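Trainee: So the protein lines, in turn, are chains A and B. Counting along the first sequence from 1, when you hit position 5 you're at 5 in my numbering, and nothing is skipped either side. Counting along the second sequence from 1, when you hit position 6 you're at 1006 in my numbering, and nothing is skipped either side. Beta carbons: idealized from backbone N, C-alpha and C, even for Gly. Model, not experiment: these values are computed from the prediction. One structure follows; several queries about it will come next.
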Amino acid sequence: QKEVEQNSGPLSVPEGAIASLNCTYSDRGSQSFFWYRQYSGKSPELIMSIYSNGDKEDGRLTAQLNKASQYVSLLIRDSQPSDSATYLCAVDFGNEKLTFGTGTRLTIIP
Amino acid sequence: GAVVSQHPSWVICKSGTSVKIECRSLDFQATTMFWYRQFPKQSLMLMATSNEGSKATYEQGVEKDKFLINHASLTLSTLTVTSAHPEDSSFYICSARAGTSGTDTQYFGPGTRLTVL
C-alpha cells in the first residue's frame, strides 16, 4: 500500500517565525516529491518540487528530502498571515500519478 | 504559463440528472489529465487518469459507468457525472500534465463545486 502521511494539525505559528511541515511516505523507491498549498475553497497550487536528497530553497521556502528515512519536509521562513492554508504533500510512487497526504492545516497568528 | 481552466466553477442540479464538467489546458498540450474529488476537510482522491485518445484508467472503487471521462484532444478533458445523487456532491478538480512521467508537474484547475439536491 502506497501511503503518504502528514500531521493534520492545526499547526499554529506566530507571524515571523518558521513553520515546519513534515511528511513521511511508504516506498523507499519513490523519486518525485511535491508540496502544494490549498486555500479554503480553492484548488491546490504547486509551491515546491524536490527530487534529490538534501535541501532546495525557493524564496522563503525550503524543502528537505531524506530518502533513507523516507521523509520530506517544508520550512516556511518569516511566516506571514497569507501563508495560512492547508499544505499537501504529494509523492509519485513510480506509477506516474500523485498520491496525496491528508494535508496539514497551518495558521499564522499575527 | 501552465494555466488550467474548469467550467463550470459551480453547479447545482437535481438528483437523477447528468452534469458535464470541462477541463482545459490553456497554454500547453496536456498528454495526461487527472480527475480528483475532494470532500470537505479531506484530501484529494484520485478518480481517474486519462491520456489523450485513449480510455481513462479508473481508480479502484470509482464507477466508470457513472463517471464518464473523455479526453478527446490535447487540451480538453470532460467528466460527466451521470444520474447524480446527493452523495456525489463534492469538489471536483482536474489537473493536467504535459508529459507522461511522474516527475512532470501537474497543474490544477480551479475546481468545480457540485451540489446535487
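Residues in the same chain with beta-carbon distance under 6 Å from Arg1037/B, minus the five sequence neighbours each way, listed in chain order, please.
Mentor: Numbered from 1 along the second sequence, position 37 holds the residue referred to as residue 1037/B. Excluding sequence neighbours, Arg1037/B sits near Met1045, Met1047, Ser1090, Tyr1092.
Trainee: Rounded to whole angstroms, what is the Cα-Cα separation between Tyr71/A and Ser84/A?
Mentor: Along the first sequence, one-based indexing puts residue 71/A at 71. Along the first sequence, one-based indexing puts residue 84/A at 84. Inter-residue distance for Tyr71/A and Ser84/A is about 22 Å (C-alpha atoms, whole angstroms).
Trainee: By DSSP, does Ser82/A sit in helix, in strand, or in coil?
Mentor: Here residue 82/A refers to the residue found at position 82 of the first sequence. Helix at Ser82/A.
Trainee: Along the beta strand (DSSP E) that carries Thr1103/B, what are the first and last residues, could you check?
Mentor: Counting from one through the second sequence, the residue named residue 1103/B turns up at place 103. Thr1103/B -> no beta strand (DSSP E), and no H or E assigned at all.
Trainee: Which residues in chain A sit within 7 Å of Thr1049/B, going by Cβ to Cβ distance?
Mentor: Taking the second sequence and counting its residues from 1, one reaches residue 1049/B at position 49. Per Cβ cutoff of 7 Å: Lys97.
Trainee: Taking C-alpha atoms, which residue in Ser79/A, Lys56/A, Trp35/A, Asp58/A lies nearest to Gly101/A?
Mentor: Here residue 101/A refers to the residue found at position 101 when the first sequence is read from its first residue. Of the candidates Ser79/A, Lys56/A, Trp35/A, Asp58/A, the one whose C-alpha sits nearest the C-alpha of Gly101/A is Trp35/A.
Trainee: For the structure I just gave you, are there three or more beta carbon pairs, one from the stretch 1013-1031 of chain B and one from the stretch 60-80 of chain A, closer than 8 Å?
Mentor: no
Trainee: Please check the pair Gly29/A and Gly94/A, which I expect to be a contact at CB under 8 Å, by giving their CB distance rounded to whole angstroms.
Mentor: For the purposes of this step, residue 29/A is identified with residue 29 of the first sequence, where counting begins at 1. For the purposes of this step, residue 94/A is identified with residue 94 of the first sequence, where counting begins at 1. Right, their Cβ atoms sit about 6 Å apart.
Trainee: Looking only at its own chain, which residues have a Cβ that is under 7 Å from the Cβ of Tyr1107/B, when we skip the five neighbours before and after it?
Mentor: Working through the second sequence from its first residue, we reach residue 1107/B at position 107. Closer than 7 Å at the Cβ level, and outside the excluded window around Tyr1107/B, lie Ala1002, Val1004, Ser1095, Ala1096.
Trainee: Under the rule that 16 or more other beta-carbon atoms within 10 Å means buried, what is Asp55/A, buried or exposed?
Mentor: What you label residue 55/A is simply residue 55 of the first sequence in a count that begins at 1. So Asp55/A ends up on the exposed side.
Trainee: Counting contacts by CB-CB distance shorter than 7 Å, is Pro1086/B in contact with chain A?
Mentor: On the second sequence, position 86 is the one that residue 1086/B refers to. With 7 Å as the cut-off, Pro1086/B does not count as an interface residue toward chain A.
Trainee: Just tell me which of Tyr1058/B, Ala1056/B, Ser1073/B has its CA closest to the CA of Ser1025/B.
Mentor: Along the second sequence, one-based indexing puts residue 1025/B at 25. Of Tyr1058/B, Ala1056/B, Ser1073/B, the residue nearest in Cα terms is Ser1073/B.
Trainee: In this structure, what does DSSP give as the bridge partners for Pro14/A?
Mentor: The count along the first sequence starts at 1 and reaches residue 14/A at position 14. Paired residue(s): Ile109/A.
Trainee: Go through its chain and collect everything with a Cβ distance to Ser49/A's Cβ below 6 Å, but skip five positions before and after it.
Mentor: The residue labelled residue 49/A in the question sits at position 49 within the first sequence. So the list reads Phe34, once near-sequence residues are dropped.
Trainee: Phe1034/B: buried (16+ other C-beta within 10 angstroms of its C-beta) or exposed?
Mentor: Within the second sequence, the letter at position 34 stands for residue 1034/B. Classification for Phe1034/B: buried.
Trainee: When Cβ atoms are compared, which residues of the stretch 43-60 of chain A fall closer than 8 Å to chain B?
Mentor: From the stretch 43-60 of chain A, only Ser43, Pro44, Glu45, Leu46, Ser49, Tyr51 have a Cβ closer than 8 Å to chain B.
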